[in-house]
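Since the structure comes first, as structure tokens, the remarks are kept for the end.
There are 2 protein chains.
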Amino acid sequence: MTQPSKSELTILKVLWTEAPLSAREIQEKVGPQLKWSFSTTRTTLSRMAEKSLLRLDTKHGVRVYTPVESKARTLSGVMREFFDTVLEMKGPLPTAAFHDSKMLSEEEWAELDLYLNESHDDD
Amino acid sequence: MTQPSKSELTILKVLWTEAPLSAREIQEKVGPQLKWSFSTTRTTLSRMAEKSLLRLDTKHGVRVYTPVESKARTLSGVMREFFDTVLEMKGPLPTAAFHDSKMLSEEEWAELDLYLNESHDDD
DNA sequence: TGACGTATGTTACAAGTGTAACGTATGTGT
DNA sequence: ACACATACGTTACACTTGTAACATACGTCA
Chain A
805 MTQPSKSELT ILKVLWTEAP LSAREIQEKV GPQLKWSFST TRTTLSRMAE KSLLRLDTKH
865 GVRVYTPVES KARTLSGVMR EFFDTVLEMK GPLPTAAFHD SKMLSEEEWA ELDLYLNESH
925 DDD
Chain B
805 MTQPSKSELT ILKVLWTEAP LSAREIQEKV GPQLKWSFST TRTTLSRMAE KSLLRLDTKH
865 GVRVYTPVES KARTLSGVMR EFFDTVLEMK GPLPTAAFHD SKMLSEEEWA ELDLYLNESH
925 DDD
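Same order as they appear, the protein sequences are chains A and B.
Under my numbering, think of the first position of the first sequence as 805, with each following residue one higher.
Under my numbering, think of the first position of the second sequence as 805, with each following residue one higher.
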């Protein structure tokens, strides 16, 4: 599974909170923050769909985007990669240390813990 | 300060252990691991020097490379970036949780802690 | 039905990164 | 002085990412 880039992650965060959303709606949320033109947002969304980071549906005649993987799933991959390559921590990670990041709820942290301590070569 | 890419980080890790080293010596260490040709290693080294990740000197008529920033300095930047963008943890970070990563000694962790809890917009 | 706004498709271009070959210079041994 | 190995400089090419414009299609209102 391809890891999202920083910009892609920004978009995913919006969609994890509220999905599906149209390109227009996503632009309203991330455009000002990233200082992107609508065009740029759309290009990034297309690429994310190509890479299967997002699923594409049509609602009321408009294309809407939904994340393919859950927040916990995606972030566990990103975190695993980071700890492996940067800190060379291959084994179980001390995820409890991050539980005050507002990024995830307690349940999501629990889910993430599961993924992180999985057999580790299954996605 | 530009963050090192994953490959660049591999080279830096070697040089933090033992520097300065020539391109040939670096190749002997990272070539097999990264499965790089000597050419590739040299290109990457040049780019790292351009970006001021490495300093270039001449010893006994050969070019040798030395990291510009300490391991603690560099990793603090990488970690800060990661926690900011991925987990949105802006404040002080629970670095104690990582102290069993063999990447840094106790002294280096102490140095890293300092950087991480610095005013945060000074490099 | 024609104009206008919005949605969608296509194309572009520069920087960064992975990956490497080609050509040239220079030191060392014979 | 020449050949050979090694070092060094230059160039190449594809892929990803950031960033965006241009063009076309389609629905709605007048």
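Glycine included, every Cβ here is placed at the ideal spot set by N, Cα and C.
Exercise. Any idea if T848 of chain B is buried or exposed, counting beta-carbon neighbours within 10 angstroms, 16 or more meaning buried?
Worked result: Residue 848 of chain B sits at position 44 when you count from the first residue of the second sequence. Burial check for T848 of chain B: the Cβ neighbour count within 10 Å reaches 16 or more, so the residue is buried.
For this session: Mind listing the chain B neighbours of T889 of chain A? Cutoff is C-beta to C-beta under 7 Å, in chain order.
Result: Counting from 1 along the first sequence, the entry for residue 889 of chain A is found at position 85. Listed along chain B, the residues sitting closer than 7 Å to T889 of chain A by beta-carbon distance are K810, L813.
For this session: Return no unless some Cβ of chain B is closer than 8 Å to the Cβ of M907 of chain A.
Result: The count along the first sequence starts at 1 and reaches residue 907 of chain A at position 103. At least one beta carbon of chain B lies nearer than 8 Å to the beta carbon of M907 of chain A.
Exercise. Chain B beta carbons: is any one of them nearer than 8 Å to that of V834 of chain A?
Worked result: In the first sequence, the residue the question calls residue 834 of chain A occupies position 30. Using a Cβ-Cβ cut-off of 8 Å, V834 of chain A does not count as an interface residue toward chain B, since no Cβ of chain B sits closer than that to its own.
Exercise. Taking Cβ positions only, does E910 of chain B come closer than 8 Å to chain A?
Worked result: The sequence position of residue 910 of chain B within the second sequence is 106, counting from 1. E910 of chain B does not count as touching chain A.
For this session: Decide if the stretch 863-880 of chain B is in contact with the stretch 856-870 of chain A; the criterion is three or more beta carbon pairs, one per stretch, under 8 Å apart.
Result: Judged by Cβ distances under 8 Å, the stretch 863-880 of chain B makes no contact with the stretch 856-870 of chain A, as fewer than three pairs qualify.
Exercise. For Q831 of chain A, which residues of its own chain have a beta-carbon under 7 Å away from its beta-carbon, when the five flanking residues on both sides are left out?
Worked result: Sequence index remark: in the first sequence, residue 831 of chain A carries index 27 (1-based). The residues F842, T845, in chain order, have a CB closer than 7 Å to that of Q831 of chain A in the same chain once the five nearest residues on each side in sequence are set aside.
Exercise. Hey, L816 of chain A and L825 of chain A are a contact pair by Cβ (cut 8 Å); roughly how many whole angstroms apart?
Worked result: Here residue 816 of chain A refers to the residue found at position 12 when the first sequence is read from its first residue. Here residue 825 of chain A refers to the residue found at position 21 when the first sequence is read from its first residue. Contact doesn't hold; Cβ gap of about 11 Å is too wide.
Problem set entry | Exposed unless 16 or more other CB atoms sit within 10 angstroms - verdict on L1013 of chain A | In the structure as shown, chain A begins at 805 and stops at 927. Residue 1013 of chain A is therefore absent and cannot be evaluated.
Problem set entry | As assigned by DSSP and simplified to three states, the class of S826 of chain B | Translated into positions along the second sequence, residue 826 of chain B becomes position 22. Looking at S826 of chain B - three-state DSSP - the assignment turns out to be strand.
Problem set entry | Endpoints, the beta strand (DSSP E) within which D861 of chain A is located | In the first sequence, the residue the question calls residue 861 of chain A occupies position 57. D861 of chain A -> beta strand (DSSP E) spans 858-863.
Exercise. Which whole-angstrom value is the C-beta distance of L897 of chain B and M907 of chain B, which I expect to be below 8 Å?
Worked result: Here residue 897 of chain B refers to the residue found at position 93 when the second sequence is read from its first residue. Here residue 907 of chain B refers to the residue found at position 103 when the second sequence is read from its first residue. About 15 Å; that fails the 8 Å criterion.
Exercise. So, does the CB of P871 of chain B fall closer than 8 Å to a CB anywhere in chain A?
Worked result: Stepping through the second sequence from its first residue, residue 871 of chain B is reached at position 67. Output row for P871 of chain B: interface = no.
Problem set entry | Length of the line joining the Cα atoms of H903 of chain A and D888 of chain B | Counting from one through the first sequence, the residue named residue 903 of chain A turns up at place 99. Counting from one through the second sequence, the residue named residue 888 of chain B turns up at place 84. Cα-Cα distance, rounded: 14 Å.
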